[in-house]
Structures are given as structure tokens and as C-alpha cells.
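Report on the structure given below.
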Amino acid sequence: MLIFNLFARGFRLLIVGVGLLLLTSFLGGGIYPAIYQGLFVNPNEIEREAPYLERNIEFTRRAFGLDAIGEQPFPVNTDLTWEDLQADAPTVDNIRLWDRGPLRDTYRQLQEIRTYYEFAGIDIDRYWLNDEYVQVALAGRELSFAQLPSQAQTWVNRHLVYTHGYGLCLSPVNVFDREGQPVLFVKDIPPVATEKALQVTRPEIYYGELPPADDYVVVNLRESETTREFDYPRGDANVYTSYAGRGGVKVGGFFRRLAWALRFHSLNLLISQSLTPESRILLYRQVAARVRRLAPFLVLDSDPATFSEARPPHPDPYLVVAEGRLFWILDAYTAARTYPYSEPLPSRWHRYNYLRNSVKVVVDAYHGKVTFYAFDPEDPVLRTYRKIFPALFKDYAEMPSSLQVHIRYPHLLFYFQALMYQKYHMTDPRVFYNREDEWELPTEEYADKTRRMTPYYIIMRLPGEEREEFLLMVPFTPRGTKENPRNNMIAWLCARCDGENYGHLLVFRFPKQELVYGPMQIEARINQDPYISEQLTLWQQEGSRVIRGNLLVIPIKNSLLYVEPLYLTAERSALPELKRVIVAYGQKVVMETTLERALLAIFRPEALAAASGEAVSGALLREIRRQIELALRLYEQAQQSLRQGDYAAYGEKLAEMERTLQELARRGESGPAAETPTEEP
Numbered sequence: 178m179l180i181f182n183l184f185a186r187g188f189r190l191l192i193v194g195v196g197l198l199l200l201t202s203f204l205g206g207g208i209y210p211a212i213y214q215g216l217f218v219n220p221n222e223i224e225r226e227a228p229y230l231e232r233n234i235e236f237t238r239r240a241f242g243l244d245a246i247g248e249q250p251f252p253v254n255t256d257l258t259w260e261d262l263q264a265d266a267p268t269v270d271n272i273r274l275w276d277r278g279p280l281r282d283t284y285r286q287l288q289e290i291r292t293y294y295e296f297a298g299i300d301i302d303r304y305w306l307n308d309e310y311v312q313v314a315l316a317g318r319e320l321s322f323a324q325l326p327s328q329a330q331t332w333v334n335r336h337l338v339y340t341h342g343y344g345l346c347l348s349p350v351n352v353f354d355r356e357g358q359p360v361l362f363v364k365d366i367p368p369v370a371t372e373k374a375l376q377v378t379r380p381e382i383y384y385g386e387l388p389p390a391d392d393y394v395v396v397n398l399r400e401s402e403t404t405r406e407f408d409y410p411r412g413d414a415n416v417y418t419s420y421a422g423r424g425g426v427k428v429g430g431f432f433r434r435l436a437w438a439l440r441f442h443s444l445n446l447l448i449s450q451s452l453t454p455e456s457r458i459l460l461y462r463q464v465a466a467r468v469r470r471l472a473p474f475l476v477l478d479s480d481p482a483t484f485s486e487a488r489p490p491h492p493d494p495y496l497v498v499a500e501g502r503l504f505w506i507l508d509a510y511t512a513a514r515t516y517p518y519s520e521p522l523p524s525r526w527h528r529y530n531y532l533r534n535s536v537k538v539v540v541d542a543y544h545g546k547v548t549f550y551a552f553d554p555e556d557p558v559l560r561t562y563r564k565i566f567p568a569l570f571k572d573y574a575e576m577p578s579s580l581q582v583h584i585r586y587p588h589l590l591f592y593f594q595a596l597m598y599q600k601y602h603m604t605d606p607r608v609f610y611n612r613e614d615e616w617e618l619p620t621e622e623y624a625d626k627t628r629r630m631t632p633y634y635i636i637m638r639l640p641g642e643e644r645e646e647f648l649l650m651v652p653f654t655p656r657g658t659k660e661n662p663r664n665n666m667i668a669w670l671c672a673r674c675d676g677e678n679y680g681h682l683l684v685f686r687f688p689k690q691e692l693v694y695g696p697m698q699i700e701a702r703i704n705q706d707p708y709i710s711e712q713l714t715l716w717q718q719e720g721s722r723v724i725r726g727n728l729l730v731i732p733i734k735n736s737l738l739y740v741e742p743l744y745l746t747a748e749r750s751a752l753p754e755l756k757r758v759i760v761a762y763g764q765k766v767v768m769e770t771t772l773e774r775a776l777l778a779i780f781r782p783e784a785l786a787a788a789s790g791e792a793v794s795g796a797l798l799r800e801i802r803r804q805i806e807l808a809l810r811l812y813e814q815a816q817q818s819l820r821q822g823d824y825a826a827y828g829e830k831l832a833e834m835e836r837t838l839q840e841l842a843r844r845g846e847s848g849p850a851a852e853t854p855t856e857e858p
């Protein structure tokens, strides 16, 4: 009618055409579907929708690699012994006690050395040290120009003098000293390493996480006292250097300098006497910006622990020490939003319905060289990119073996796979439709808030395997409601990271007829323990802040250990100290000064008593400790009352302290014989 109206006079055909369009839209888009839904679909909804559910399940599982997840039963027992722990010593010895947040604050206080250095983040990796497989935490000491005093933030300092960071800190995740500080295997400037495999001969970090995306520095300058390139501080003086790397672009002659000045909106690049034609400009020094500049079609990995719907995710490369040098490794994904029938990710920033970790990117921290390795050559998206850019991607086999041993399963991909697997482990359309067996990621108490648990790396031996390996894992709980949460644990998922097993995903299901404590149930038992809750309250009242670390679920044999570290930090000082370790197993929850003592308290209490110098029960030990801490608290309260001039309260506190000390003396004289042998709660 619209076409005919072109050759007719008036608007009659136009009005009729628009009217018919509206009527058809109303009937076909609203009335007819509602009638069809009510008469044909609702009475037989499952049968009608089953074909579509089957396609959705099949293609979603295929799009996110969920169809390759192997399933195994995990019969939970509570017969774990001390001998079992000794047999699985590599797993126990690598239980992570240092969380990345407190450890980063500790590194900053102890090892930033100067105000202009900063640790951007903590990375978790593993190294072979003295024939032992050791999980470590490490961070690069990068230069943050914003930390310089305002009077020092000149163009010369920013772009010619302060050009790079220097060295790193590295420590095992499970060791701390008497003061509760990490034991550093690599520290100081120049870096000092306690292990030969960790020695760094090229510690300069010209390319890292901290430089602004469009920042630049100029190196290989004309020799001058005022524009020498700063290398690192040494005592009251500084050490200077000249860049010897292959990174950057030559400044060149007048016209090229003019082009650089226009590019960076800086006249100084044209008129500075410090620059020579052989000087080199290093640009795109931020690792993520550098990779994006070369391959903007790839999606970069980020840390789900810092993932927020309020802001875009920040790419998260991790640092590697290899052959005496520093490298950044960044996982990259091929992604699509058009995979047929697949469910999109539940993320504001990532609405993809197809995701593959097809590329590993290596960036040299000194030279800036970027190498893309094709990690999944069968991925059809990557195969297409390789046809378009045949020289961009190298085969994974070409990656040096010193870097291959540090490849790990990417954090964000595993997190998204776990989110999708919450529903898509159900493959029966009827079960899927009714949401009969939906899972969710558990919550935990971290610091002073409750948050969703994210995957964590761990060294452990899987059931049926001969040796330990580096894994990424996360537990699952059944999905409940706000009014009726279900906090028991139902399964755990892991991704293998080592050698030929890399990328294999396994889910271990617990028996449905047995109760397996979930993280929040363990957190509740910790809060309900009289000794632990009293101690936490005492620390909070003494001007300290208690930081509760990540609760880790550690599968050993066919049993589960739960481990949570506790940190103390002064209210006015950001120097966390690892002071206690909480371990839960079966019906027991203990808090001790070290992981070994906590395990002894559960599995060999008599050995713990002997190690303490007297054969007393674990219950008596805790009671004596409680009495001592109570007496100390009463003494401090009495002194405070005296300073305030409240003599009545001062006398009351002294009387209470006297009764406490008398009770402590009575227990010391009576010894274990006076203790009634009762089973500990």
C-alpha cells in the first residue's frame, strides 16, 4: 500500500497501511502468542520447550568448554590421620597462609624502599626450589611517578630520569617469622635471592602494570649531570644507568622530533638538548595497553577477586622470573556474542556467549618485546585471526621451556566457567527446567565483610594421582534463598595447570546423603567457638584491627581441611602481621600460632602438649592461656582507670585480676590430674 500510494493521490492508502500494520503487530505480537501460550504451551510446557532446552544446554556447555569437564565422586571421610598428612606433605606445606591483600600491604611497608616505588599487585605462581615444588607470591617493584614530591614532578624527571622500576619481592605463601612477617626469598635493591633459581640479573622493569596507557620515556640521552637516567637508590646516593635494551623507536632528526612533539603535545621533545638522534622513545609501556595496541580483537584476562559490575575489569598480567630475567604473562581470549543457542555470561562488561583461552602473551619487562603464542590452535576464531595475521602468532611449542612451566589456567575463564556450571551441570532438560539441582559459589567472611568466594590456586595431589600439581579450584554449595540459605558444600571444581594435564577440568561431587560443611558453616563455627571469639574481641579492643583471611578448603585423601589465617594490624599502621591460623576438621575447630601447631592440636594433641613442655590436655592449655590473657586485659583496664582518676574502678579491676591469678595458680598446682576428662566440643 505504501508503494501504491506513491502513484495515487491522497493519504487513504497510507493511513490504511499504517492501521493494518499496527493491527497485525498487536494481534501477531501480543494476542496470538498469549493465546498459543495459554492453550498449547502451558498445559505441556516441559514437552514443548524440551527441544529448545536441549539445544541451549548442549551449545552453552560447548561454548564455554563445560562439556569437557570430567566428573568423579568424592566420598567424604573423617578418618584422616597425622600419618596421612605426612604422606601428603607437599599439599600441607603449600597451604596458602598469605592472602594477596595483607601481603601487598606488608610488601609496601617493608620493601618499597623509596616513596616512588609501588607494588601494583601480588601474583601467585610456583617454582621448583631445591627439588621441592613451592607455591610462592611475588610482586614487581615498579616506579610510580605520582608518588614523587610535587616539586620533583617535572617533565625532565617524568620522561628522562625516572624511567623504570627495579626488582621484585618473592616469598613462599606458607611461611612467616616470629613477628608474623613473610620470609622473603627475593628482596632488597639490588635484588638478593636466597635460591639460585630466583636470581635476577636484569631487574629493571621498563614495561609493567603501572605506567599510564599513553605514557612514554626517553632513554639513551646525551651525557649530562642533570638528565642521567636513574637506576636505583643506594644509601644517600643514587646509581645511574643507560638503557641497553632493544625497545623503543629512535628519536631521529628534526622532522621526526617535530612529529614526536606533535604526537605527545610536548614542545620539550623538540627543543630539549638532552636528546640525540640515537635516543629512543619507549611508548605503550603498560603491558595491557601494549597488548591491546597490537591485538585489539583479543579479550584480556582480569582478576575476579577485584571484578566489579561498577567499573570495567582491569587486565591482570602476572610476573615470572626465568633465566635471570623478568617477564609478564597475560592470558588472552577469543570471544563472541553470536554462538548459536548459547547463554551469555551474567556480566555487565562481558556479555559473551563463547569464550576460549586461545592465546598466551609474553611481554619482556626490559626490552618490551611482545610475543603471542597460539595456545588453542583448534579454536575456529583464532584460526581465522591467524589467517588474517599470519606473522602475529607463534606456535605454543616455540615458547621457551623456562616460561612453559609457569603457564597457569586463567583466573577469569575459570571463574566464568564456574558461574555457568552452576546451572549447566544439569543436562536433563526436565531437571534443568525445574532448577532441581542448581548450585552457587559459596560466600565467606573476609576482613570485616561477607563476600563471594573466588577461585584460588593450590598445590595438592588429586585423588588417584601419584604426585602433587598446581591447580585452580573453587567449591560449590546448593542454591538456596535469602530466607532459607543452604550453606553445605555439594562439590568442588578444579582446573589442572601442569604439563600435559593443563586445561583438564574435574568436578568432584560429594554424596548427597551426607552433610559436608560449607565455608559459611565453618565461619559460623569459628564465630561460635568461645576461645576464638573472645580472643578476636580482645584484639579489637586493644586498638588493633583483625583481618580474617581467605577460608581455604583443602582436599586431602578423602577428607577436607578448612584453613583460615588471621592477621593483626594497628589502627594507624598498614603493616599486617600473620598471628594465628585457624584449622577446622570434622567437629574440631582450633586456633594456634602456626599451621603445624593447629594440625597437632587436632590430630596429635599429646604431641602438642609435649612440645609445650608439660603433659596437659589441649583444653587445659587453652584455659591457662585464656586466664593469662584475661589477667593482662584486667591489668591494662586497671591502669586506664588509674590514669582517668577512677579509683573505684581501679580497685575493682585489681580485685578481679587477683582472683584470676589465684585461679591460674590453682590450675598450675593441680595439673592435668585435676582436669575432668571430658570430650571437647
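Position one of the sequence shown corresponds to residue 178 (this note's numbering), numbered consecutively onward. Glycine residues also receive a C-beta, built at the ideal position from the N, C-alpha and C atoms.
**OP:** Pull up the distance between the alpha-carbon of V195 and that of P517, whole angstroms please.
**Re:** 34 Å
**OP:** Please say whether Y417 and R405 have beta carbons closer to each other than 8 Å?
**Re:** yes
Subject >> Rounded C-alpha distance that separates R469 from D478 >> reply: 12 Å
**OP:** Following the continuous alpha helix (DSSP H) through F609, name the residue where it begins and the one where it ends.
**Re:** P606 to N611
**OP:** Select from C671, R291 and E226 the residue whose C-alpha is nearest the C-alpha of G344.
**Re:** R291
Original post:
Exposed or buried, what is A792 when buried is set at 16 or more other beta-carbons lying within 10 Å of its beta-carbon?
Top reply: Because the pLDDT of A792 is 41, which lies under 50, any placement of that residue in the model is unreliable, and the question is left without a value.
Original post:
Distance, Cα to Cα, L191 vs G206?
Top reply: 22 Å
**OP:** Assess, as a yes-or-no matter, whether the segment 670-678 is touched by the segment 318-338 under the definition of 3 or more beta carbon pairs within less than 8 Å.
**Re:** no
Subject >> First through last residue of the beta strand (DSSP E) which encompasses W669 >> reply: A668 to R673
**OP:** Pick out the complete beta strand (DSSP E) segments inside the segment 371-433, 3 residues or longer, and give them in chain order.
**Re:** 393-396, 406-411 and 414-418
**OP:** With a threshold of 16 other CB atoms inside 10 Å of the CB of P326, please say whether the residue is buried or exposed.
**Re:** exposed
**OP:** Label G317 either buried or exposed according to how many other C-beta atoms from any shown protein chain fall within 10 Å of its C-beta, with 16 as the threshold for buried.
**Re:** buried
Original post:
How should Q463 be labelled, buried or exposed, when 16 other C-beta atoms within 10 angstroms of its C-beta is the threshold for buried?
Top reply: buried
**OP:** May I ask you to report which of helix, strand or coil DSSP gives D256?
**Re:** coil
Subject >> Supposed close pair I141, E319 - CB separation, criterion 8 Å >> reply: Residue coverage of the chain in this structure runs from 178 to 858, which leaves residue 141 outside it and unanswerable.
Original post:
Mind pulling the alpha helix (DSSP H) runs of 4 or more residues that sit fully within the segment 512-559?
Top reply: none
**OP:** Please state if the CB of T837 and the CB of L807 are separated by a distance shorter than 8 Å.
**Re:** yes
Original post:
For W305, does the count of other Cβ atoms within 10 angstroms reach 16, so buried, or fall short, so exposed?
Top reply: exposed
**OP:** Kindly indicate which three-state DSSP category E455 falls into: helix, strand or coil?
**Re:** coil
Original post:
How would you call L452, buried or exposed, if buried means at least 16 neighbouring beta carbons within 10 angstroms?
Top reply: buried
**OP:** For L262, I'd like the list of residues in its chain whose CB is within less than 8 Å of its CB, leaving aside the five on either flank, ordered along the chain.
**Re:** V269, I733, L776 and F780
**OP:** For P473, count neighbouring C-beta atoms within 10 Å of its own C-beta (all shown protein chains included) and say buried if the count is 16 or more, exposed if not.
**Re:** exposed
**OP:** Using three-state DSSP, classify E642 as helix, strand or coil.
**Re:** coil
Original post:
Going by Cα to Cα distance, which pick from A574, A227, V193 and I506 is closest to K546?
Top reply: I506
**OP:** Report the residue ranges of all beta strand (DSSP E) runs contained in full by the segment 265-321; include only those spanning at least 3 residues, in chain order.
**Re:** 294-296, 300-306 and 309-320
**OP:** Give the DSSP-derived three-state secondary structure of T714 in the structure shown.
**Re:** helix
**OP:** Indicate the three-state DSSP secondary structure (helix, strand or coil) for K830 in the structure shown.
**Re:** helix
Original post:
Which class does F687 belong to by DSSP, given the choice of helix, strand or coil?
Top reply: coil
**OP:** Take V723 as the anchor and find which of L559, S750, V730 and L737 has the nearest alpha-carbon.
**Re:** S750
**OP:** Would you kindly work out how many angstroms separate the C-alpha atoms of P368 and D391, rounded to a whole number?
**Re:** 29 Å
Subject >> N-terminal and C-terminal residue of the beta strand (DSSP E) that K600 is part of >> reply: That residue, K600, is in no beta strand (DSSP E); its alpha helix (DSSP H) goes H588 to Y601.
Original post:
To the nearest angstrom, how far is it from the Cα of P228 to the Cα of V218?
Top reply: 13 Å
Original post:
Quick one: is L179 buried, meaning 16 or more other Cβ sit within 10 Å of its Cβ, or exposed?
Top reply: exposed
Original post:
Are three or more beta carbon pairs between the segment 393-410 and the segment 478-493 nearer than 8 Å?
Top reply: no
Subject >> Distance, P490 Cα to V536 Cα >> reply: 19 Å
Original post:
If you drop the 5 nearest sequence neighbours on each side, which residues of the same chain put their C-beta closer than 8 Å to that of K689?
Top reply: I667
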